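Note sheet for the following structure.
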Amino acid sequence: MKLLKIAGETPQRMLNPIKKPWLRWMLVFGLWTLIAFCFAGQLYLSRAKIGDPVSWGFALGRSLADWYIFAVLSLPTLWLARRFRIERTHWQKPLAIHLAGSFLFTLCWMALRAGLEVATSRFAERPVAFEEAFSHALVATFFFNLLIYWAIVSISHGLAYYAKFQEREIRAAELEKSLTEARLQALQMQLNPHFLFNTLHAISALMHKDVEAADRMISRLSELLRYALESTGEQVVPLRQELEFLERYLEIEKTRFGSRLEVRKEIAPETLDALVPNLALQPIVENAIQHGIEPHARPGVILLRAGRENNSLVLQVCDNGSGLGSKRSFKEGIGLSNTRARLEQLYPGQHALTWSDAVEGGLVVKMVVPWKLVGGALSITERKNPQ
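Note that our numbering gives residue 996 to position 203 of the sequence shown, counting from 1, and the numbers run on in steps of one.
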């Protein structure tokens, strides 16, 4: 069922949108390279500013060497950050481990950088000794290296907390989805017995007057029950399918009322593939027959209208009964209250269910739902954030 999908994503996929490992490694490599280029530009411009210019190749090579060593050392640092997280209730031991790790990180960086400096200076006019290169790195970069270590740890912690937040949001959305589906299922289970009891009552009343008509009603009822059972798991269906079910229901009522009941339809062709709540029209039509047609001896007319207004599907059920009369409201029965509750679950804040006197007499019940075609059911995100 597409109705309550969470954008079609699993939690793991949403938390890790980049699935291919090689692509993640390329992005990390690109990030360290970008930082190296930034520092190379700073070195090039600052040396030129103080009157001791260096070539761009020298600045770039030095910066790439510095930051690629940071990139290599970031791998064990990230492992430590994931293994020992500094949390509110558990921070003493992880903090001590990371303090030791930060000093080891900076010592390793200085040793690697000094070794690289010694290796590259062998072909220079004045080779550099390891002790000299290490001492220079110690003075120039010790505290900066500590800062880099804690920056890596902080980023790792930040990403981890964000992932936990996203996971909680996803679980909350899944829970909301399950609860909504449970409510809708309960409402639909409540609707089916209500429809069945009312129809059986009508058959019982007709049994003593016209046995053949009652037999036809039982046959039609069996078809309706079969459809209701087959569509129990569907909360929204195309209007075309809803009208087919409604036509079967009206055949039962026509058998009961005979020539007293006339059904007219004004259905815009483009609305037939629009999605509507399953079994939403039947309670409204049943209410129109019960209160608008049955109390009168004159012929009754039920008019069904469907059309699109902007981004909404508008459905109307009209009868030629007495309308509201002196009462401007009436008590909702199980069918109408059930329909209203289902609309609220499916389209919170995006629906309407109203009734009013028709100009030519009778009552008009109007239902407005968002315009969605087959294959485009509303998700939770769309229902919370309507366009």
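The beta-carbon is built from N, C-alpha and C at its ideal position, and this holds for glycine as well. Quick caveat: nothing in here was measured; it's all calculated off a predicted structure.
For residue i, the three-state DSSP class (helix, strand or coil)
{"i": "residue 1001", "result": "coil"}
{"i": "residue 1175", "result": "Low per-residue confidence applies at residue 1175: pLDDT is 40, beneath 50, and the placement is therefore not dependable, though the value from the model is reported in the following sentence. Residue 1175: helix per DSSP, three-state reduction."}
{"i": "residue 946", "result": "helix"}
{"i": "residue 1143", "result": "coil"}
{"i": "residue 1149", "result": "strand"}
{"i": "residue 922", "result": "coil"}
{"i": "residue 883", "result": "strand"}
{"i": "residue 959", "result": "helix"}
{"i": "residue 1166", "result": "strand"}
{"i": "residue 858", "result": "helix"}
{"i": "residue 834", "result": "helix"}
{"i": "residue 1061", "result": "coil"}
{"i": "residue 1100", "result": "strand"}
{"i": "residue 1066", "result": "coil"}
{"i": "residue 1083", "result": "helix"}
{"i": "residue 1027", "result": "coil"}
{"i": "residue 1012", "result": "helix"}
{"i": "residue 980", "result": "Low confidence applies here, because residue 980 scores a pLDDT of 48, under 50, leaving its location unreliable and the question unanswered by this model."}
{"i": "residue 1115", "result": "coil"}
{"i": "residue 823", "result": "helix"}
{"i": "residue 1093", "result": "strand"}
{"i": "residue 1158", "result": "strand"}
{"i": "residue 1054", "result": "strand"}
{"i": "residue 1071", "result": "coil"}
{"i": "residue 990", "result": "helix"}
{"i": "residue 865", "result": "helix"}
Spatial distance of residue i from residue j (CA atoms)
{"i": "residue 913", "j": "residue 854", "result": "11 Å"}
{"i": "residue 1101", "j": "residue 1014", "result": "32 Å"}
{"i": "residue 931", "j": "residue 820", "result": "30 Å"}
{"i": "residue 1165", "j": "residue 999", "result": "41 Å"}
{"i": "residue 1062", "j": "residue 1068", "result": "13 Å"}
{"i": "residue 870", "j": "residue 898", "result": "8 Å"}
{"i": "residue 1042", "j": "residue 993", "result": "12 Å"}
{"i": "residue 1077", "j": "residue 966", "result": "32 Å"}
{"i": "residue 1028", "j": "residue 1070", "result": "6 Å"}
{"i": "residue 800", "j": "residue 938", "result": "Below a pLDDT of 50, predicted positions are generally treated as unreliable, and residue 800, at 37, falls in that range; no measurement from the model is reported."}
{"i": "residue 949", "j": "residue 1108", "result": "54 Å"}
{"i": "residue 926", "j": "residue 933", "result": "11 Å"}
{"i": "residue 876", "j": "residue 856", "result": "30 Å"}
{"i": "residue 836", "j": "residue 960", "result": "42 Å"}
{"i": "residue 1088", "j": "residue 958", "result": "59 Å"}
{"i": "residue 1152", "j": "residue 1018", "result": "36 Å"}
{"i": "residue 1163", "j": "residue 1129", "result": "19 Å"}
{"i": "residue 1092", "j": "residue 1056", "result": "11 Å"}
{"i": "residue 1114", "j": "residue 963", "result": "50 Å"}
Buried versus exposed call for residue i [16 or more other C-beta atoms within 10 Å across all chains shown]
{"i": "residue 953", "result": "exposed"}
{"i": "residue 906", "result": "buried"}
{"i": "residue 813", "result": "exposed"}
{"i": "residue 980", "result": "Note that residue 980 scores 48 on pLDDT, short of 50, meaning its location in the model is unreliable and no value can be drawn from it."}
{"i": "residue 1158", "result": "buried"}
{"i": "residue 1048", "result": "buried"}
{"i": "residue 984", "result": "Note that residue 984 scores a pLDDT of 48, beneath 50, so its modelled location is shaky; the value from the coordinates is reported in the next line. Buried, since its Cβ has 16 or more Cβ neighbours within 10 Å."}
{"i": "residue 1141", "result": "exposed"}
{"i": "residue 1181", "result": "Beyond the ends of the chain as shown, which are 794 and 1180, falls residue 1181; an answer cannot be given."}
{"i": "residue 1106", "result": "buried"}
{"i": "residue 1086", "result": "buried"}
{"i": "residue 1038", "result": "buried"}
{"i": "residue 885", "result": "exposed"}
{"i": "residue 997", "result": "exposed"}
{"i": "residue 894", "result": "buried"}
{"i": "residue 920", "result": "exposed"}
Residue(s) in a DSSP beta bridge with residue i
{"i": "residue 842", "result": "None; residue 842 has no bridge partner."}
{"i": "residue 895", "result": "Note: residue 895 sits in no beta bridge, so no partner."}
{"i": "residue 1137", "result": "DSSP, once it has assigned bridges, lists no residue as partnering residue 1137."}
{"i": "residue 1105", "result": "1102 and 1163"}
{"i": "residue 1045", "result": "Answer by DSSP bridge pairing: none, since residue 1045 is not bridged."}
{"i": "residue 1110", "result": "1097 and 1158"}
Identity of the residue in the options nearest residue i by Cα
{"i": "residue 929", "options": "946, 1070, 916 and 911", "result": "911"}
{"i": "residue 891", "options": "993, 1034, 942 and 1065", "result": "942"}
{"i": "residue 1012", "options": "958, 817 and 1045", "result": "1045"}
{"i": "residue 859", "options": "1038, 904 and 1155", "result": "904"}
{"i": "residue 1084", "options": "958, 849, 1112 and 909", "result": "1112"}
{"i": "residue 862", "options": "825, 882, 876 and 1050", "result": "825"}
{"i": "residue 1094", "options": "1154, 1145 and 1039", "result": "1154"}
{"i": "residue 947", "options": "874, 1150, 1092 and 843", "result": "874"}
{"i": "residue 1066", "options": "1033, 1079 and 887", "result": "1033"}
{"i": "residue 829", "options": "850, 815 and 816", "result": "850"}
{"i": "residue 1097", "options": "846, 916 and 1160", "result": "1160"}
{"i": "residue 1030", "options": "1139, 956 and 955", "result": "1139"}
{"i": "residue 867", "options": "945, 1064 and 1052", "result": "945"}
Residue i at chain B interface by Cβ criterion, 8 Å
{"i": "residue 1069", "result": "The structure shown contains no chain B; it is built from a single protein chain."}
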